[in-house]
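Colleague:
Numbering (the UniProt record's numbering), first residue to last: 1 to 60.
1. Note down the Cα distance separating residue 28 from residue 52, rounded to an integer number of angstroms.
2. Which first and last residues belong to the alpha helix (DSSP H) in which residue 2 is found?
3. Measure how close the beta-carbons of residue 12 and residue 58 come, nearest whole angstrom, since I'm counting them as under 8 Å.
4. What's the call for residue 14, buried or exposed, on a 16-neighbour Cβ count within 10 Å?
5. By alpha-carbon positions, which one of 4, 9, 5, 2 ends up nearest to residue 55?
Below is the structure:
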């Protein structure tokens, strides 16, 4: 791996884990406000968790 690839992977991991964490926090706040939105919030939460884990997995 060259330096350009390492910088790209670092930016990708930071961006995807940050976006995933923002989605997770948004889902938790939404669920605390209105627990009736269970299925939709759970689906979006799983997507956020996947993005967060992908960001951690791709970290150099």
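Backbone N, C-alpha and C define an ideal beta-carbon position, used for all residues, glycine too.
From a predicted model like this one, the values you see are computed outputs, not experimental measurements.
Modeller: In this structure, then:
1. Here residue 28 refers to the residue found at position 28 of the chain shown. Here residue 52 refers to the residue found at position 52 of the chain shown. Distance between the alpha carbons of residue 28 and residue 52 is about 15 Å.
2. By one-based count along the chain shown, residue 2 stands at place 2. It is not in any alpha helix (DSSP H) - residue 2 carries neither H nor E in the DSSP assignment.
3. As a working note, residue 12 is residue 12 in the chain shown. As a working note, residue 58 is residue 58 in the chain shown. The pair is a contact, with the Cβ atoms about 6 Å apart (cut-off 8 Å).
4. Position 14 of the chain shown, counted from the first residue, corresponds to residue 14. So residue 14 counts as exposed.
5. Position 55 of the chain shown, counted from the start, is the residue given in the question as residue 55. It is 9 whose Cα lies nearest to the Cα of residue 55.
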